[in-house]
Structures are given as C-alpha cells and as structure tokens.
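K.L.:
Chains as they are written, first to last, in our numbering: chain A, 27 to 244; chain B, 1422 to 1727.
We put the CB at the ideal spot given by N, CA and C, even for glycine.
Please read these numbers as outputs of a predicted model, since none were measured by experiment.
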Amino acid sequence: MATAGDQQLKLYSYYRSSCSFRVRIALNLKGLKYEYRAVNLLKKEQYSPEFRKLNPIGYVPVLVDGEMAVSDSFAILLYLEEKYPQHPLLPKDLQRKALNFQAANIVCSSIQPLQNLAVLNYIEERVSPDAKIEWAKVHIEKGFAALEDLLRNYAGRYATGDEVSFADLFLAPQIHAAFTRFNLDMTQFPLLSRLHEAYNEIPAFVDARPDKQPDAPS
Amino acid sequence: MYHCQIVNQFRNYSTLYKVRPKSTSLSGNRKKKKMKFYHNPSHLHSLVSSIIKSSKRTQLNNFTRCFTTRVGFESPRTSRPMENTEASYSSSSKLVLYSYWQSSCSWRVRFALNLKGLSYEYKPVNLAKGEQFNPDFERLNPLHYVPVLVDGDTVISDSYAIFLYLEEKYPQRPLLPADPRLKALNLQGASIISSSIQPLHMLSMLKYIEEKIGPEESLSWAQLHIEKGFCALEKLLKDFASRFATGNEVYMTDVFLAPQIAIATARFNINMSTFPSLSRVNESYKGLPEFQASSPERQPDAVHGQ
C-alpha cells in the first residue's frame, strides 16, 4: 500500500494510467508497502530530467526497488512475481499460465494501445469527436468479446479460477475504464460485468483505483 | 533453399545444413559437420536418414531429435512454393503453428521456434482472403489474429504469451536471461514492440485511416509510431546493446525486434540511420540462419513478387 517516507519500493505512477493501476493492485495484493511518486502526464512531467534519468522513454509506471528500476507493467509484474512470491499471481500449470498471459495481452496489446490518449486525440482531430467514441467502443468491445470467449470455460470467482491471478490485474483497470470513461453497454459482457463486481469487493483492488490515489483530483 | 538442422543434444551443438536443390543426381561430401548436398528435393528424406544411420550408435539416440526446419522452399523448376512434404524426425512433432507469411507477430514465433530447434507443422491462414474468420479458426482464436500455437491439447494465441510458454516448456536455448535486470529489460523491449508499435500499424488500423482520413495518411501514421517506438528502444538499449539488443546473445527483445525492423524498412521506409544501436543489431540479425529461415519469403504460403 502507498505510504510516505523512505521505502525500498517506489512506484512512479499517474492516477488515471491503467498500466499504473495494474501494478498498484499487485503491490497491494502482495502486501508490499511502497512510496507513491506521482507523475502528471497531462503536465508532461514524464519528460522532466529527474524522471528521464529513471526511465528515458518517459512511460509510467516505473518501479524502483533499491538499485533496480523496472519499467513496463508486464515486466514489473513478472519481476514482482519472482522477487516477492507471497500471494502468487501466476498458476504453476503451464496452460493456465498461458491463459493468463493471453488475457493480459488482449488488454495490453489489442485494447489499451488502441484507446489511449494519443490515438483518440488523433482521431478526434482528424475525423471527428463522434468517430473517436465509436473507435474506442469498437476496439474495447472487440477485445471484451474475445475475453468473454477465452475465459468462459475457465473463470470461477475470478478470471481464470477461484483465486485472483495475473489476468485479473489487467482486466480490472480495463473494465473500470469501460464503465467510467467510455460508457460501454456492459450487459453484453456478463462475465466481465461479474468480475467487475467481484473486484470492487477486494480492498487491494479498491485501494488501487484511480480516485483513491494521492494525485487524483479532489 | 531449405535448412535442415540436426540437433545433437548430447554434445549440445546443432549443425545447420544448407541444402540446395540442383540436379537430379545425388552426391555429397560426408565430412562431419560441413556437408553440402546437391539434390533433387525429393531426396531430402533419404539424405537425412542416411546421416542418421551412418552415425555411431551412441549418437544415433541423440540424433533422434533431428529437427527439420520447415521453411518455405521452392521447386527449382517452378515458382510455386512446394508443399512441405518432408517428414519431421523430431520425437515430438505435435507443435502446430497457425501463421501468415507476412504477419510480424507470426514471424516472432517462427524465429523463436527455430532458435529453440523446435519443428512444427505450418498451417497458413490467409489474412488477405479473410481465412481468419473461418469458423474453425475462430474457435482457436476469437480475436481472429495469428499466430496461434497448438501443442497437443494446449492452444495459445498472442505471440507474447506463446513466447513465454515456449520459454518455459522448452528451456533449451534460453531466450530470457537469468539476470533479473536483463530479464526485465527484455520483457520491456518486447512490450514496447508488441504494445506500442505493432498494434498501431497493423492492417486493420491502416485501412481505417485510409478510409476515414486519406490514403496518404496511413503511411505517415505508421511511420510516426514506428519512429516513436524505435526512439524509445534506442534509449532503452543504448547502454546494453552489443552484438544483439541486450548483449552478445539473442534474447526476447531480439525475437521481437528483428521482424519489426525488417518490416519497418521494407514496408514503411523507415530510415534506420537515426537509430545506430538498432541498425547495428539488425546487421547481426541478417546473419542468423534461424532468422533467415523464419522470414516471410521462406514460408510455405509466401506469394512471390509482393
């Protein structure tokens, strides 16, 4: 959980970044205290010299663990899973593990990059605001339909069984965004809707939500 | 040209035999390790058998894991790609890869399979003809993307997920370093390519832009995002790249980067001179037989002249 002061773990995060949201959930689930370092993407703080020294690319999230700095949510999560094995997030079974990676990548390669700020701004400017909304909906719905198909025979209480796993870390922020930012009709996605309800009952997920972060506008 | 890679697991080396079709006569120099055969393609089967049979008994068992890299090859007399008729000598030939020759995501997996010496059955999915929407394929991947790997009862789509699965299930020739920092670096490099570059220049995206904005726009859009991603990679890898992206061995970032650079230059006219580290490692990729064998033109469904 986020704390002030001198922690071994520091997370550079933006409250609304769904990639940062994934890592916040994992840190909470594993009971890892960390210092929250806000990076305001709208104010272009990711290009500041201090942040650039840490991550020359200027992406959030970045996890600093002592001498080690890791960027990219997927890389950070696999690093955490290996270094802090409490509350494991990946099943041992190879097929289930692959299922988790597939679901995670549907989100981070097939949905999120196509509805991030840069892409949506481009479509709004070059086509129209309506086209932007339509574009976001089309891609999120396509990805969500694929997730419903992929997980249908595996989901239990959570995405791939009765325990929270890697896939849930990616699904929760994406579904949250679908509800709060894109106004999707989620009734067509019964499994994902159910998962959304389940995530909202877990403190580790709730505490990681954008509105609960130190840099969220009050 | 096709490649026959015989993996001697006992001695932990593999020998890549370049096999060139020439005439109907069969001749060969049977010196160990450096054999070149000129043959009619239909003799390949008996040729490789004879290599195995002529080996000493103790080596014979090791040679039972002989992987024939299934690459696209042509009959010297026709321009149509031949059916891949050669038998696999692998003791485990249950890997099936659904792939499209021009798909960079499929290319990554072909490259990884070659590096690990894994033979597989190539099943083409013609994206240009919409075969990804066939009900049979849709059952395998409801997102209609290639690649899809089938390993016995296990079906996996998404190149990143397939890569991590292969890495764990077939640990020979590790493609992720043990060092945590380098491992994280490789995962990050591959992520930049699979999340921040490729999705933004995939065909459906470019078609949308052409239709809604204009035909000239799709190229500049693709170039913008490729260059942005390459800039990021150049910064990320600057202090680590040597012969390859993160050192002197081929790892995950290379598996993703090599096809990405090839496509960036061939299809989108990216000028690589602004990316010196990437340019340098690209020269190394060009010399790798495993990469060459995985290239689009070498695949059974390649259409030449495109």
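Run the CB neighbour count on Arg-1719/B, radius 10 Å, all protein chains shown included, and call it buried at 16 or more, exposed below.
P.N.:
By the 10 Å Cβ count, Arg-1719/B comes out buried.
K.L.:
Pull out every residue of the segment 110-127 of chain A whose Cβ sits closer than 7 Å to any Cβ of chain B, in chain order.
P.N.:
Cβ contacts with chain B: Leu-120, Gln-121, Ala-124, Phe-127.
K.L.:
My parser needs the alpha helix (DSSP H) runs of 4 or more residues fully inside the segment 1610-1689 of chain B; what are they?
P.N.:
Those alpha helix (DSSP H) runs which fall completely within the segment 1610-1689 of chain B and span 4+ residues are 1624-1633, 1638-1658, 1673-1689.
K.L.:
Given a threshold of 16 other Cβ atoms within 10 Å of its Cβ, counted over all protein chains shown, does Glu-1632/B qualify as buried or as exposed?
P.N.:
Glu-1632/B comes out exposed.
K.L.:
What's the gap between the Cα of Ala-185/A and the Cα of Asp-194/A?
P.N.:
Taking the straight line joining both Cα atoms gives about 6 Å.
K.L.:
For Leu-35/A, which residues in the same chain have their Cβ closer than 8 Å to its Cβ, ignoring the five residues on either side in sequence?
P.N.:
Leu-53, Leu-58, Lys-59, Tyr-60, Glu-61, Leu-89, Val-90, Asp-91.
K.L.:
Is the CB-CB distance between Val-96/A and Tyr-105/A below 7 Å?
P.N.:
For Val-96/A and Tyr-105/A, yes; Cβs fall inside 7 Å.
K.L.:
Would Tyr-1543/B and Leu-1516/B qualify as a contact pair, given that the criterion is a beta-carbon distance under 7 Å?
P.N.:
Contact flag unset, no.
K.L.:
What is the rounded straight-line gap between the Cα of Ser-43/A and the Cα of Pro-236/A?
P.N.:
Going by the C-alpha atoms only, they are around 8 Å apart.
K.L.:
What residues in the segment 1577-1611 of chain B have a beta carbon less than 7 Å from any beta carbon of chain A?
P.N.:
Taking 7 Å as the Cβ-Cβ cut-off against chain A, the residues of the segment 1577-1611 of chain B that qualify are Ile-1577, Ser-1578, Asp-1579, Tyr-1581, Ala-1582, Leu-1585, Tyr-1586, Glu-1589, Lys-1590, Pro-1601, Arg-1602, Ala-1605, Leu-1608, Gln-1609.
K.L.:
When you check each C-beta in the segment 71-105 of chain A against every C-beta of chain B, which residues fall closer than 7 Å?
P.N.:
Answer set for the segment 71-105 of chain A: Pro-82, Ile-83, Met-94, Val-96, Ser-97, Asp-98, Phe-100, Ala-101, Leu-104, Tyr-105.
K.L.:
I need the DSSP call for Thr-1695/B, collapsed to helix, strand or coil.
P.N.:
DSSP places Thr-1695/B in helix when its eight states are reduced to three.
K.L.:
Does DSSP classify Met-94/A as helix, strand or coil?
P.N.:
If DSSP states are grouped into helix, strand and coil, Met-94/A belongs with the strands.
K.L.:
When the distance is taken between beta carbons, is Ala-1714/B closer than 7 Å to Phe-127/A?
P.N.:
No, Cβ-Cβ distance for Phe-127/A and Ala-1714/B is not below 7 Å.
K.L.:
So, does the CB of Ser-135/A fall closer than 7 Å to a CB anywhere in chain B?
P.N.:
With 7 Å as the cut-off, Ser-135/A counts as an interface residue toward chain B.
K.L.:
Please list the residues of the segment 1657-1675 of chain B that have a C-beta atom closer than 9 Å to any C-beta atom in chain A, keeping them in chain order.
P.N.:
Of all residues in the segment 1657-1675 of chain B, Leu-1657, Lys-1659 have a Cβ within less than 9 Å of some Cβ in chain A.
K.L.:
If you measure from the beta carbon of Pro-1680/B to each beta carbon in chain A, is any gap under 7 Å?
P.N.:
No, its Cβ sits nowhere closer than 7 Å to a Cβ of chain A.
K.L.:
What is the rounded straight-line gap between the Cα of Pro-117/A and the Cα of Pro-216/A?
P.N.:
Taking the straight line joining both Cα atoms gives about 24 Å.
K.L.:
Looking only at DSSP bridge pairs, what is Gly-187/A linked to?
P.N.:
For Gly-187/A, which the question treats as bridged, DSSP gives the partners Tyr-184/A.
K.L.:
Check whether the segment 1524-1537 of chain B touches the segment 1674-1685 of chain B, counting contact only when three or more Cβ pairs, one atom from each stretch, lie closer than 8 Å.
P.N.:
Touching, per the Cβ criterion.
K.L.:
Check whether the Cβ atoms of Pro-1680/B and Trp-1528/B lie closer than 7 Å to each other.
P.N.:
Closer than 7 Å, so yes.
K.L.:
Considering only DSSP beta bridges, list what Lys-163/A is partnered with.
P.N.:
Note: Lys-163/A sits in no beta bridge, so no partner.
K.L.:
Sort Ala-1662/B, Asp-1600/B, Ser-1615/B by Cα distance to Ser-1580/B and report the nearest one.
P.N.:
Of Ala-1662/B, Asp-1600/B, Ser-1615/B, the residue nearest in Cα terms is Ser-1615/B.
K.L.:
Taking any Cβ of chain A, which residues in the segment 1642-1655 of chain B have a Cβ under 7 Å from it, in chain order?
P.N.:
Under the 7 Å Cβ criterion, the segment 1642-1655 of chain B contributes Ala-1653.
K.L.:
State the DSSP-derived secondary structure class of Leu-1518/B, mapped to helix, strand or coil.
P.N.:
Three-state result, Leu-1518/B: strand.
K.L.:
From Val-1702/B, Ser-1641/B, Val-1571/B, pick the residue whose C-alpha is nearest to that of Leu-1518/B; which is it?
P.N.:
Selected option, being the one with the closest Cα: Val-1571/B.
K.L.:
With DSSP as the reference, label Glu-227/A as helix, strand or coil.
P.N.:
Residue state, collapsed to three classes: coil.
K.L.:
Please tell me whether, using a cut-off of 6 Å, the distance from the CB of Ser-99/A to the nearest non-hydrogen atom of the ligand HEM is below it.
P.N.:
As far as ligands go, the structure on display features none, and thus does not contain the ligand HEM.
K.L.:
Can you tell me where the alpha helix (DSSP H) holding Ile-1583/B begins and where it ends?
P.N.:
First-last of the alpha helix (DSSP H) with Ile-1583/B: 1580-1590.
K.L.:
Assess, as a yes-or-no matter, whether the segment 176-183 of chain A is touched by the segment 206-214 of chain A under the definition of 3 or more beta carbon pairs within less than 8 Å.
P.N.:
Too few Cβ pairs lie closer than 8 Å, so no.
K.L.:
Can you name, in chain order, every residue of its own chain whose Cβ lies under 8 Å from the Cβ of Cys-134/A, other than the five neighbours on each side?
P.N.:
Cβ within range, chain order: Cys-45, Ser-99, Phe-100, Phe-196.
K.L.:
Taking only the alpha-carbon atoms, compute the straight-line gap between Arg-152/A and Thr-1575/B and give it to the nearest angstrom.
P.N.:
Those two C-alpha atoms are separated by around 43 Å.
K.L.:
Does the beta-carbon distance from Phe-1561/B to Val-1569/B come in below 7 Å?
P.N.:
Rather than Phe, the amino acid found at residue 1561/B in this sequence is Leu. Yes, Cβ-Cβ distance for Leu-1561/B and Val-1569/B is below 7 Å.
K.L.:
Helix, strand or coil for Tyr-1541/B per DSSP?
P.N.:
Three-state result, Tyr-1541/B: coil.
K.L.:
Starting from Tyr-62/A, trace the alpha helix (DSSP H) both ways and give me its first and last residue.
P.N.:
Note, Tyr-62/A: premise wrong, no alpha helix (DSSP H); beta strand (DSSP E) at 60-64.
K.L.:
In whole angstroms, what is the alpha-carbon distance linking Val-232/A and Trp-1642/B?
P.N.:
Near 37 Å, if we compare the C-alpha coordinates of Trp-1642/B and Val-232/A.
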